[in-house]
Each structure stands twice: as structure tokens, then as C-alpha cells.
Ligand code: 2AM
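Numbering (the working numbering), first residue to last: 31 to 206.
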């Protein structure tokens, strides 16, 4: 794992394969033409499952065995719904009909975090891939749906570099 001292800013996420990443990036370009703002770099695109924030490495290491026990099935996401949040000026792509398997995975992950006493952001889960930040928004253009075959989830460490957020996948759990 990356860091063995101090604390890391962590989140669990779905991390796209190269083809899905390219498709999400194309939609990001398209939405940017309509809504402006700042496009997310292609290498940072992801869908957050649970945001933990700054976590001491001992707490992270104690959590891993509990996450290892999570069982969930692979599934397909159909990202077909652009969305915009006024409060944080984010433009995103989500699902008109999120699959039950995604809700099950997130429910098991959140239960594992609760059980292990790990603090995380417990606001209602809205599956979304952030594509634009600091965007004025506008009326939603039609978007080509992005199909994403999900067969694992990851733990990501986030840091801030000169060119914005840097994300490092530090652990991966396959969905059998
Ligand atoms: P966002 O895409 O809607 O900004 C890394 O920061 C990831 O964690 C982002 O995808 C971000 O969501 C998400 N996240 C969820 N809750 C957060 C919080 N309280 N602070 C920062 N990021 C959060």
C-alpha cells in the first residue's frame, strides 16, 4: 500500500476500465460544450461508493479484513442520465435506473464501515460520475449512454497536486 505512516484521505469507488473511461471522457467533453466549467481529467474519473475522508493508516489496515468479507455480484451500469447540482456546481453522469446490485454492494460496504466504527459521509447515496466542476449548468443535452461492466471495486487515496486532485488505487476487491 502507498503510505505506511500518518493519515490518508480515502474513498471507496468504482474505477472504470480504459474503454469505459474513454466513453465517460467523451461525455465529459460533450457536457462541457453545453455547460462549461472545468472538465475532470480522464485519469480521475470514477464513481464514489463511500467517502471516508482522512483516515489514520492503522484504522485503514484494521478495516481491510472486514471489507474482504463483502460478497456482491458483478453488474452492468447504464450511465444514461446527465445531472447538475447547483449547491456545488458539479455536472455529472448517472443512471436513470440504478441496478439493484449496485445498491446491494453499497449497502454491504456501508454496513461494514458502520460495524468497524469507521466514520464516513452518510448522506444519501446518489450514484454519479463527476465530469465538470465549477459549472454554471443549463438544460440537459441528450447523452450517449455509457455501459460499464463492473467486476470490482477499489479503495482510493486522494491528494492534491499542482494540476488538481491525484488519485491512487491502493486496493482492489473483485466481485466474484
Ligand atoms: P463528487 O465527485 O460529487 O465531488 C473524491 O473526493 C470523491 O469523493 C469525489 O467523487 C467526491 O464526490 C466524493 N465525495 C463524497 N463526499 C465527499 C466529501 N464530503 N468531500 C469530498 N469529496 C466527497
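Just so it is clear, CB atoms sit at the ideal spot from N, CA and C, and this is done for glycine as well.
Next on the checklist: Does the segment 169-181 come into contact with the segment 105-124, if we say contact requires no fewer than three beta-carbon pairs (one atom in each stretch) closer than 8 Å?
Outcome noted: yes
Item to check | Uninterrupted alpha helix (DSSP H) stretches inside the segment 128-158 (no shorter than 4 residues) | outcome: 130-145
Next on the checklist: Using the Cβ count rule (16 or more neighbours within 10 Å means buried), how would you classify residue 121?
Outcome noted: buried
Item to check | Bounding residues of the alpha helix (DSSP H) (the contiguous stretch that carries residue 53) | outcome: 48-65
Checklist entry - So which residues touch the region around the ligand 2AM, with touch meaning a C-beta under 5 Å from any heavy atom? => result 41, 78, 81, 151, 160
Checklist entry - Based on the DSSP secondary-structure assignment, which residues constitute the bridge partners of residue 84? => result 39
Next on the checklist: Classify residue 116: buried if its beta carbon has 16 or more other beta carbons within 10 angstroms, exposed otherwise.
Outcome noted: exposed
Item to check | Straight-line Cα distance separating residue 154 from residue 95 | outcome: 25 Å
Checklist entry - What are the boundary residues of the beta strand (DSSP E) that residue 190 is part of? => result 182-191
Checklist entry - Where does residue 38 land, buried or exposed, given buried means 16+ other C-beta within 10 angstroms? => result buried
Checklist entry - Is it true that the CB of residue 182 sits closer than 7 Å to the CB of residue 157? => result no
Checklist entry - For residue 163 versus residue 90, is the C-beta distance shorter than 7 Å? => result no
Checklist entry - Does the Cβ-Cβ distance between residue 44 and residue 82 come in under 7 Å? => result no
Next on the checklist: For residue 166 and residue 66, which I take to be in contact (beta-carbon distance under 8 Å), what is that distance rounded to the nearest angstrom?
Outcome noted: 6 Å
Next on the checklist: Could you pull the DSSP bridge partners for residue 206 from this structure?
Outcome noted: Beta-bridge pairing links residue 206 to no other residue.
Next on the checklist: Measuring only the C-alpha atoms, how far is residue 143 from residue 137?
Outcome noted: 10 Å
Next on the checklist: Relative to the C-alpha of residue 139, which candidate in 97, 103, 161 has its C-alpha closest?
Outcome noted: 97
Next on the checklist: Rounded to whole angstroms, what is the Cα-Cα separation between residue 198 and residue 75?
Outcome noted: 12 Å
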